[in-house]
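Residue numbers (UniProt numbering): 1 to 141.
Listed below in C-alpha cells is the structure:
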C-alpha cells in the first residue's frame with residue numbers, strides 16, 4: 001500500500017518514480033543500478049532494516065510504512081525539496097500526530113538523534129506494562 005501511494009503521489013506531482021517492494025514474498029520490481037544512478041533521491045518507507053549500500057552518494061529519505069501510506073505526498077515533496085537543495089546522505093522523515101515532518105532541519109548538524117546515524121537501538125511502542133503480553137499475563141494470573 002505504501003509503495004502504491006508513493007508511486008501515485010510521485011506521478012501526481014509530476015515526477016518519474018520507480019518503486020521497489022521488499023516484503024515477505026521477496027523483492028519485486030528490483031531497482032537497476034542505472035535507475036539508482038539516475039535518481040535524484042531515494043525514499044525508503046519501511047519498518048524493517050533495508051540495506052542502503054546501493055544508495056551511496058544519494059539523498060536517502062527514510063520513513064515508516066505509515067509515512068508511505070498516510071503521508072506519501074509529503075514524503076515525496078520533502079525528498080524533492082532536499083534534492084533540489086543539493087542535500088545528500090540520510091534524512092529521517094518523522095510522522096507525528098499532525099502528519100507534519102518531524103525532521104524539518106534535515107542536513108544540519110543537529111545531534112538530537114537520527115536513528116540511522118546512532119548506534120543506539122530504536123525503541124518502538126508504548127509502555128511495556130500495557131502491551132498485549134502483559135495484559136494477557138495479568139488476565140490469566
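The beta-carbon is built from N, C-alpha and C at its ideal position, and this holds for glycine as well. Computed from a predicted model, the values in this text were never measured in an experiment.
Exercise for the section: Tell me whether residue 93 is buried or exposed, calling it buried when 16 or more other Cβ atoms sit within 10 Å of its Cβ. Expected result: Here residue 93 refers to the residue found at position 93 of the chain shown. The residue is buried, with at least 16 neighbouring Cβ atoms inside 10 Å.
Problem - alpha helix (DSSP H) runs wholly inside the stretch 33 to 60, at least 4 long, in chain order - result: If we require 4 residues or more, the alpha helix (DSSP H) runs fully inside the stretch 33 to 60 come out as 33 to 38.
Problem - residue 65 - containing alpha helix (DSSP H), residue span - result: Residue mapping note: residue 65 aligns to position 65 of the chain shown, counting from 1. Element bounds for residue 65: 65 to 70.
Handout entry: Environment of residue 63 [buried if 16+ CB atoms lie within 10 Å]
Key = To locate residue 63, count along the chain shown from 1; it is residue 63. By the 10 Å Cβ count, residue 63 comes out buried.
Problem - Sequence-distant residues of the same chain with beta carbon closer than 8 Å to residue 29, five excluded per side - result: For the purposes of this step, residue 29 is taken as the residue at position 29 of the chain shown. Around residue 29: 18, 19, 20 and 21.
Problem - Residues bridged to residue 62 [DSSP beta-bridge criterion] - result: Residue numbering aside, residue 62 sits at position 62 when the chain shown is read from its first letter. 44 and 92, per the DSSP bridge assignment.
Handout entry: Alpha-carbon to alpha-carbon, residue 26 and residue 66
Key = One-based indexing of the chain shown puts residue 66 at position 66. One-based indexing of the chain shown puts residue 26 at position 26. Each residue's alpha carbon lies about 20 Å from the other.
Practice task
Assign residue 21 to one of three DSSP states: helix, strand, or coil.
Solution key: Stepping through the chain shown from its first residue, residue 21 is reached at position 21. It is a strand residue.
Problem - Member of 134, 83, 69 and 88 whose CA lies at the smallest distance from the CA of residue 7 - result: Residue numbering aside, residue 7 sits at position 7 when the chain shown is read from its first letter. The shortest C-alpha separation from residue 7 is found at 69.
Exercise for the section: Kindly indicate which three-state DSSP category residue 10 falls into: helix, strand or coil? Expected result: Start at 1 with the first residue of the chain shown, and residue 10 comes out as number 10. Of the three classes helix, strand and coil, the one that applies to residue 10 here is helix, per DSSP.
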